[in-house]
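*Asks:* I'd like to ask you about the structure that follows.
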Amino acid sequence: MDVAMALATVFFCLLLLASAAISLLLLRLCLAALRRAPAPAARAPYAAVDPEAAARAAAPPAVPQQEPPLPAAWAKPKAPEPRRLAWREVEALTGGFDEAAVVGRGGSGGAVIPVLAGGPPAAVKVHRWCGGGERRLGAFRRELDLLRRVGRHPRLVALLAYSDDHEEGGALVLEYMPGGTLADRLHHAATPPLTWRHRMRVLHDVAAALEHLHDAVSIVHGDVSASNVLLDAGGRARLCDLGSACEGTFSAAVAPARGAAAVGSPGYADPFFLRTGIVSKKSDVYGFGVLLLEALTGSPAAGAPGPDGVGGQYLAARVLPRVRAAGVAGLVDGRLGDGYDAVEAGDVARIAVECVAPQPGLRPTMAQVRAAVAEKAARSIAATDGGESDLKLLDLFRMAS
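Put into structure tokens, the structure is as follows:
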């Protein structure tokens, strides 16, 4: 009997202890839940009631306005695939590759022959393998691949057709630009000089082309120069020649394997690349900075002296010390007379100084450069035919890309 009582007492004590533990656990859970619950919002005891605010709060939420749809032509910029031609068709287009008809040569050595009859104007860039073998074949293949990747952009010369079925050569059929090169319009006495407004418009066109190459398809042009800027019948600029282009950033040590040529023409080549062999998008930014100085002064980037009579030294090295010391005073192309915007000229010079900084990391991106040109030269760009509407269309194209 005593044993049974003892066991009952022990069982009762254990039951009490378990009940107490469970109660303590439940109490702790309740306190934790109370601590996590959000405190009621404090209400000012004498806050004034704004009837209009109360009405707005009671009103149903407004439906957010949607952005207007992109124009059909810009929403998804697509173009027909370039047509593949047989070699005999290219021979017929060029009159049997008449050397007397050659109007120029690309950065990778191809001869450019205009075709003005039998269809829309075009220019045929003919590559020959003989004498260059695999290197020239690789350069042609690379340029063709890059042109097909880039597709159509309003500020780039487009690929219309090509021929790659011949064992001794290949051909690229490109849009023909009857206005010649920017170099001709800036430096040749036989052609009338471009107005200040036209120069600003052209610079913005080129900046838009480079921005597209860098940001939309990650391509370094590799040879930004006035000779590679062509003008169409309306005076608008198109960037051409991807013969020196490459993808992304790489060292010159791997350039032959990747089919890339040396980057930059004399006067435009990035000094950092010349020292290190490293190519990047900032190499194009440097070349564009020289192009800004070229349009500002009317002097060539290298070679013969310009209208100021000074030569023998690259333009950037010759002009930058004067710009840093005294701005653009006495540097603007004398053929313009008083027909330029002095404020814009100063701003363009400052953009150029940033573009040609010695270290690539100190240079802006092409997107920043294009935006700066659009802002600082807005008056001149808007004053050209369709300038303001074209800026909006380029913005739409960037959104669609």
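Mind the numbering: the sequence shown is residues 1 to 401 in UniProt numbering, read in order.
Glycine included, each C-beta is placed from N, C-alpha and C at the ideal position.
Just so you know, these numbers come straight off a predicted model, no measurement behind them.
1. Residue 240 and residue 230 look like a contact to me (Cβ under 8 Å); what is the Cβ gap, rounded to whole Å?
2. What does a CB cutoff of less than 6 Å around residue 272 pick up in its chain, not counting 5 residues either side in sequence?
3. Just to confirm my understanding: we take residue 64, look at its own chain, exclude 5 residues before and 5 after, and list those with CB closer than 8 Å. What are they?
4. Is DSSP giving residue 212 helix, strand or coil here?
5. Grab the span of the beta strand (DSSP E) containing residue 373 for me, first residue to last.
6. How long is the line joining the alpha carbons of residue 220 and residue 284, rounded to whole angstroms?
7. Let's test the definition: count the other Cβ atoms within 10 Å of the Cβ of residue 55 and tell me whether it reaches 16, buried, or not, exposed.
8. Touching or not, the segment 207-221 and the segment 143-157, by the rule of three or more beta carbon pairs under 8 Å?
9. For the segment 176-183 and the segment 208-216, state whether three or more C-beta atom pairs, one from each stretch, are separated by less than 8 Å.
10. Note down, one range per segment and in chain order, each alpha helix (DSSP H) of at least 4 residues found wholly within the segment 187-251.
11. Can you find the residues in the same chain that come closer than 6 Å, C-beta to C-beta, to residue 408, ignoring five residues on each side of it along the sequence?
12. Return yes when the Cβ of residue 296 is within less than 9 Å of the Cβ of residue 348, no when it is not.
13. Would you mind reading off the limits of the alpha helix (DSSP H) that contains residue 302?
14. Please name the residue or residues paired with residue 175 in a DSSP beta bridge.
15. If you compare alpha carbons, which of 314, 341, 299 and 345 is closest to residue 187?
16. Does the separation of the CB atoms of residue 290 and residue 316 fall below 9 Å?
17. For residue 339, count neighbouring C-beta atoms within 10 Å of its own C-beta (all shown protein chains included) and say buried if the count is 16 or more, exposed if not.
18. Where do the N-terminal and C-terminal ends of the beta strand (DSSP E) with residue 162 fall, by residue?
19. Who are residue 181's beta bridge partners in DSSP?
20. Please identify the residue among 243, 322, 357 and 337 whose C-alpha is closest to the C-alpha of residue 282.
21. For residue 179 and residue 122, which I take to be in contact (beta-carbon distance under 8 Å), what is that distance rounded to the nearest angstrom?
22. So the alpha helix (DSSP H) residue 315 belongs to, where does it begin and stop?
23. For a quick check, are the C-beta atoms of residue 236 and residue 363 less than 9 Å apart?
24. State the CB to CB distance for the pair residue 115 and residue 93, rounded to an integer number of angstroms; the pair is presumed to be in contact (CB under 8 Å).
25. For residue 206, collect the residues of the same chain with a Cβ closer than 6 Å to its Cβ; drop the 5 residues on either side in sequence, then sort them by chain order.
26. Who are residue 351's beta bridge partners in DSSP?
27. Taking all protein chains shown into account, decide if residue 384 is buried (16 or more other Cβ within 10 angstroms of its Cβ) or exposed.
28. Closer than 9 Å, CB to CB, is residue 87 near chain E or not?
29. Going by the beta-carbon positions, is the gap between residue 139 and residue 225 smaller than 9 Å?
30. Helix or strand or just coil, what does DSSP make of residue 156?
31. Out of 381, 7 and 321, state which residue places its alpha-carbon closest to the alpha-carbon of residue 344.
32. With which residues is residue 166 paired in a DSSP beta bridge?
33. Could you check what DSSP says for residue 382 in three-state terms: helix, strand or coil?
34. Which residue's Cα is closest to the Cα of residue 168: 18, 190, 88 and 195?
35. Rounded to whole angstroms, what is the Cα-Cα separation between residue 403 and residue 215?
36. Kindly list the residues whose CB is nearer than 7 Å to the CB of residue 373, restricted to its own chain and excluding five residues on each side of it in sequence; keep chain order.
*Replies:* With the structure as the only source:
1. 5 Å
2. 360
3. Reliability fails at residue 64, whose pLDDT of 44 lies under 50, so the model's placement of it is uncertain and no value is given.
4. The answer is helix: DSSP assigns residue 212 an H, G or I state.
5. Note, residue 373: premise wrong, no beta strand (DSSP E); alpha helix (DSSP H) at 366-376.
6. 7 Å
7. Reliability of the predicted coordinates at residue 55 is poor, the pLDDT of 49 falling under 50, and the value obtained from them is presented with this limitation in mind. Counting Cβ neighbours within 10 Å, residue 55 comes out exposed, since fewer than 16 surround it.
8. Remark: three or more beta-carbon pairs, one from each stretch, lie closer than 8 Å, so the segment 207-221 and the segment 143-157 are flagged as touching.
9. no
10. 196-216
11. There is no way to answer for residue 408, as the model of the chain reaches only from 1 to 401.
12. yes
13. Unbroken run through residue 302: none, as it is neither H nor E.
14. 122
15. 299
16. yes
17. So residue 339 ends up on the exposed side.
18. Unbroken beta strand (DSSP E) run through residue 162: 159-163.
19. 230
20. 357
21. Not quite, the Cβ-Cβ distance comes to about 15 Å (not below 8 Å), so this is no contact.
22. 315-326
23. no
24. 5 Å
25. 229, 237 and 239
26. Looking at the DSSP assignment, residue 351 forms no beta bridge with any residue, so it has no partner.
27. buried
28. Among the protein chains of the structure shown there is no chain E, as only one such chain exists.
29. In this structure, residue 225 does not lie closer than 9 Å to residue 139 by Cβ.
30. strand
31. 381
32. None, per the DSSP bridge assignment.
33. helix
34. It is 88 whose Cα lies nearest to the Cα of residue 168.
35. The chain is shown from 1 up to 401; residue 403 falls before or after that span and cannot be answered.
36. Scanning its chain for C-beta atoms nearer than 7 Å, with the 5 sequence neighbours on each side dropped, one finds around residue 373 the residues 203, 204, 207 and 351, in chain order.
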